Amino acid sequence: MKESPENIRGTAVIEETIEQARERYLKTFLDFRDSYSDELPDEIVHEGPYKCRMNFFGMVSGEIEFAIQEGIIDDPEAIKRGKAFAAYVTEDLRVLHLADPENHRTKPEDIRKADEILDYLIHFLERKLM
Numbered sequence: 060m061k062e063s064p065e066n067i068r069g070t071a072v073i074e075e076t077i078e079q080a081r082e083r084y085l086k087t088f089l090d091f092r093d094s095y096s097d098e099l100p101d102e103i104v105h106e107g108p109y110k111c112r113m114n115f116f117g118m119v120s121g122e123i124e125f126a127i128q129e130g131i132i133d134d135p136e137a138i139k140r141g142k143a144f145a146a147y148v149t150e151d152l153r154v155l156h157l158a159d160p161e162n163h164r165t166k167p168e169d170i171r172k173a174d175e176i177l178d179y180l181i182h183f184l185e186r187k188l189m
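Each number in the working numbering comes from the position in the sequence shown (counting from 1) with 59 added on.
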């Protein structure tokens, strides 16, 4: 995939094939799923590789939205699931977090939802790369 002089992120243009872009997103989604801890510490954490952090959910949601916009996620069901997760993050989790940032706690079901969409998109990309 050859990108236009200004890509959707507003960063330097990198010319890559669709396969290279899929590999890049696959690596990113694998990293989100496997390199961040599922642990729910007793205290609210503001740093570190924890899935319970709001930043984790924002990063996952943002990468999914970029992958859809760039045409990497091009299957209607995958798009539907990706957009549903992004809406869940912005309309549910962020609203709760902003209402009470010092006391809002990520629940195991929130992490499960993130892992489910990551698993789905990882398998989607692996199939596309076969």
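We put the CB at the ideal spot given by N, CA and C, even for glycine. Being a predicted model, the structure only gives us computed values, none of them experimental.
To which residues does DSSP link residue i through a beta bridge?
i	result
Tyr109	Ser96
Helix, strand or coil: how does DSSP classify residue i here?
i	result
Asp159	coil
Thr76	coil
Gly117	helix
Ile123	helix
Glu62	Caution applies to Glu62, whose pLDDT of 46 falls short of 50 and renders its modelled position unreliable; the value that the coordinates give is listed next. Glu62 falls in the coil class under three-state DSSP.
Arg164	coil
Glu82	helix
Glu150	helix
Asp101	coil
What is the C-beta distance between residue i and residue j, in whole angstroms, given that I count them as a contact (C-beta under 8 Å)?
i	j	result
Asp178	Arg112	With a Cβ gap of about 20 Å, Asp178 and Arg112 do not count as contacting.
Ser120	Pro108	That pair is no contact at about 17 Å.
Leu180	Phe88	5 Å
Pro167	Leu85	Contact flag wrong, Cβ pair sits at about 26 Å.
Ile131	Gly141	That pair is no contact at about 10 Å.
Arg81	Lys187	6 Å
Ile176	Phe144	4 Å
How is the alpha helix (DSSP H) around residue i delimited, first residue to last?
i	result
Glu168	167-188
Gly141	135-146
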